[in-house]
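Engineer: Counted the way our numbering counts, the sequence shown spans residues 1354 to 1584. By construction, the Cβ of each residue, glycine as well, lies at the ideal position given by its N, Cα and C atoms.
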Amino acid sequence: MISNFKKISLLSLCFIFIFAGSVFAEKEMKFSDLKSHKDIKVLKETNSNIVMIPSEEVTDKSEYIKMINQYIPIIKGKLHTGKQSSDSDVSALLSANINDYDSMTYNGSTMYAQFDSTINYNICCTTEVSGDSRGAWLGSNPFNADKVTLADSISFTGVTVSVSVPASAGFSVSGSTASWTDSVNNTWQMNHYYNNISATGFDIYVSQSTSATFKFGSSFYTPTASDGTWL
């Protein structure tokens, strides 16, 4: 009886360790694991700019979106750990958030643009924006848009404002506005993750506009999300 009890106890412990190991492995998932996922295509990857679309393997749009939402901390963690020591230093951090969602319909189905950005700043005088944006077409007729163009525009208004972005971010700067855009043919969703969009100045108002343009044949639809805040 004692021998059998030991065997059962040992077997139970094995199951516990296997389960714990699988949970630990799930928690330890890294961005490199996502790159090999059959449902994900990483189109661009730098320390400050990641662009992703669904692969041709995806058949369930809602499940793909749910999966991507779960992976957002891992993706943003990749950007954070990739920061260079020369990047702007925002000390004595305060934080704000801007976000918005806008949608349109085509053939009875929804397409949308959305963004969610975090603004880290101090009273004097540095501001840094990081976040993610998305354009998605949820319909099945057709499954893909002919072309999806995603565009982010982040503006800083204030006193003696100067805007800077690393080359790896893919943004261009004109005056006090940083802009990014990219297009992909024959897809239904684009995701953009970004950081290190920086500005210095006083009494700053930060605003963002994200648009997603969907082309179906000769027709174009452009939902646009916008938000802003004083710091």
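(1) From this set, Ala1522, Leu1432, Lys1431 and Pro1407, which residue's C-alpha is nearest Met1420's C-alpha?
(2) I'd like the list of long-range same chain contacts for Gly1590, defined as Cβ closer than 7 Å, with 5 residues on each side in sequence excluded.
(3) Rounded to the nearest angstrom, what separates Asp1392 and Ser1385 at their Cα positions?
(4) So, with DSSP's three-state summary, where would you put Lys1397?
(5) Going by DSSP, which residues form a beta bridge with Met1543?
(6) Could you name the residues that DSSP lists as bridge partners for Ala1531?
(7) Assign Ile1603 to one of three DSSP states: helix, strand, or coil.
(8) Distance, Cα to Cα, Leu1396 vs Ser1571?
(9) What is the rounded straight-line gap between the Cα of Thr1575 and the Cα of Ala1466?
(10) Counting beta carbon pairs with one atom in the region 1541-1561 and one in the region 1506-1521, are three or more of them shorter than 8 Å?
(11) Leaving out five residues on either side along the sequence, give the residues of the same chain with a beta carbon under 7 Å from the beta carbon of Ile1369.
(12) Please check the pair Ser1432 and Tyr1474, which I expect to be a contact at CB under 8 Å, by giving their CB distance rounded to whole angstroms.
(13) Can you check which of these residues, Arg1487, Lys1429 and Met1382, is closest to Ser1564 by C-alpha distance?
Structural biologist: Quick look at the numbers:
(1) Pro1407
(2) Since the first residue of the chain shown is 1354 and the last is 1584, residue 1590 is not available in this structure.
(3) 14 Å
(4) strand
(5) Gly1488
(6) Ile1507 and Val1526
(7) Look at the range of the chain in this structure, 1354 to 1584, and you will see that residue 1603 is not part of it.
(8) 26 Å
(9) 8 Å
(10) yes
(11) Reliability fails at Ile1369, whose pLDDT of 43 lies under 50, so the model's placement of it is uncertain and the value that follows must be treated cautiously. The answer is none, since no qualifying residue turns up.
(12) Checking the displayed sequence, the identity of residue 1432 turns out to be Leu instead of Ser. Incorrect: roughly 18 Å between the Cβ atoms, too far for contact.
(13) Arg1487
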